[in-house]
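Numbering (our numbering), first residue to last: -11 to 184. Ideal placement from N, C-alpha and C gives every residue a C-beta, glycine not left out. First up is the structure itself, then whatever we jot down about it.
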Amino acid sequence: MLYIFDLGNVIVDIDFKRVLGVWSNLSGTPLAILSERFSMGEVFQQHERGEVSDEDFAEKLCEEMGIALSFEQFATGWQAVFVALRPEVIAIMHRLRSEGHRVVVLSNTNRLHCNYWPQHYPQVAEAADHMYLSQDLGMRKPDANIYQHVLNVEGMTAGQAIFFDDVAANVAAAEALGIKAVQVTDRHVIPSYFAQ
C-alpha cells in the first residue's frame, strides 16, 4: 500500500495564530485587525506553487495586511507557525515502512517554511520514503494533478493509496480520484485509525 501523509496538523502541529501574534507584536498592529486581513488568497497559493519568491510574497502579504515589516521580521513570524512534532504519527510511519509499505509526505508548503522545518523536525524526512512538496512540483492540493503525480511516480493506482489530511477540500479531491482519504480533525484520528 501507499500511505500519503500531509504535514501540517497531521505530522506536525501548526497554528497560524502564532504567526499573526508575532507580526502583531513587531508591527504594533492589533491582532484582531491582522486576523481580519490575513487570508490564504492568490499570493499565498502562488507562493506554495513556487511561482513567487519569498521576498515578493512577504512584500505582497504585508501590503495586503497594511503592515510594515522587514523580510527578517516577516520570516520570524512565518516560522512561528510550527508548534510541535506528533511523535505517535512518526512511530506509525516507521512501522508502516517496516511492514513493507510505501510512506510519503504530500504537503502544500513553501521555500521559507522549508528553510525551517526540515532542520527542526528531521524525524519527518527520516520516517518517509519521499517528500512531495508543492513548491517543488508547481502544483498544490486540492488540484487533482498533484495526487495523480504522486500515484504515477510511486507506480500505484488510486485503489492502492490511503491519504491523511486535515483539510476537507484536500480529502474530497483525493476521494474524487478513488483514493481512500481520512480527514485528520485532531491528533487522535491517525492512532485510532491504525489501532483498528
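Delimiting residues of the beta strand (DSSP E) encompassing residue i
{"i": "R90", "result": "R90 to S95"}
{"i": "F26", "result": "Run containing F26: none; DSSP gives neither H nor E here."}
{"i": "A169", "result": "K168 to Q171"}
{"i": "A146", "result": "Premise fails: A146 is in no beta strand (DSSP E) and is neither H nor E."}
Whether residue i touches residue j by CB criterion (9 Å)
{"i": "V92", "j": "M119", "result": "yes"}
{"i": "G(-4)", "j": "S86", "result": "no"}
{"i": "I178", "j": "R74", "result": "yes"}
{"i": "D42", "j": "R99", "result": "yes"}
{"i": "M(-11)", "j": "A116", "result": "no"}
{"i": "F52", "j": "G38", "result": "Correcting the residue identity first, residue 52 is Glu in this sequence and not Phe. Result no, Cβ atoms of E52 and G38 do not sit closer than 9 Å."}
{"i": "L49", "j": "F32", "result": "yes"}
{"i": "L165", "j": "A132", "result": "yes"}
{"i": "V155", "j": "A68", "result": "no"}
{"i": "A157", "j": "K129", "result": "yes"}
{"i": "F59", "j": "A46", "result": "yes"}
{"i": "H89", "j": "F70", "result": "no"}
{"i": "V159", "j": "W66", "result": "no"}
{"i": "M81", "j": "Y(-9)", "result": "yes"}
{"i": "D124", "j": "D(-6)", "result": "no"}
For residue i, the three-state DSSP class (helix, strand or coil)
{"i": "D187", "result": "No statement about residue 187 is possible, as the shown extent of the chain runs from -11 to 184 and does not include it."}
{"i": "A160", "result": "helix"}
{"i": "G(-4)", "result": "strand"}
{"i": "I134", "result": "helix"}
{"i": "L(-10)", "result": "strand"}
{"i": "Y120", "result": "strand"}
Extent of the continuous alpha helix (DSSP H) run through residue i
{"i": "R99", "result": "R99 to C102"}
{"i": "E39", "result": "No alpha helix (DSSP H) contains E39, which DSSP labels as neither H nor E."}
{"i": "V112", "result": "Q111 to A115"}
{"i": "V177", "result": "V177 to A183"}
{"i": "P106", "result": "W105 to H108"}
Residue ranges of each beta strand (DSSP E) within the segment 41 to 89, 3 or longer: 70 to 73
contact_flag[the segment -3 to 11, the segment 103 to 116] where n(CB pairs < 8 Å) is 3 or more: Touching, per the Cβ criterion.
Contact between the segment 2 to 20 and the segment 132 to 139 (3+ Cβ pairs under 8 Å): no
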